[in-house]
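Read the sequence shown against the UniProt record's numbering and you will find it ends at 60, with the numbers running on by one and no gaps. Take a look at the structure set out below.
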Amino acid sequence: MEYLSGADIEIYLVKPKPLSYKYSMPNKLFEAMAAGLSIVIDKGFVEMRKIVEKYKVGMQ
1 MEYLSGADIE IYLVKPKPLS YKYSMPNKLF EAMAAGLSIV IDKGFVEMRK
51 IVEKYKVGMQ
């Protein structure tokens, strides 16, 4: 967490290929939110995008 707090943003740009990636909710997303980082996410991450939009913690 201390390491993440030194960052300004977290970026997810890898195009998810299998469905498991597309609908995954990695812990890193929530760690970034807890650290107060803005999150930049590829539109292909469906579930992560919903969280980012709902809580207004970044952009896609």
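Beta carbons are placed, not taken as given, at the ideal position from N, Cα and C, and that holds for glycine.
- No residue range can be given for V14, since it is assigned to no beta strand (DSSP E) and is classified by DSSP as neither H nor E.
- A distance of 7 Å or more separates the beta carbons of I11 and V52.
- In the DSSP assignment, G58 forms a beta bridge with I39.
- Looking from the CA of K43, the closest CA among S20, Q60 and S24 belongs to Q60.
- In terms of Cβ geometry, M48 and L29 form a close pair [threshold 7 Å].
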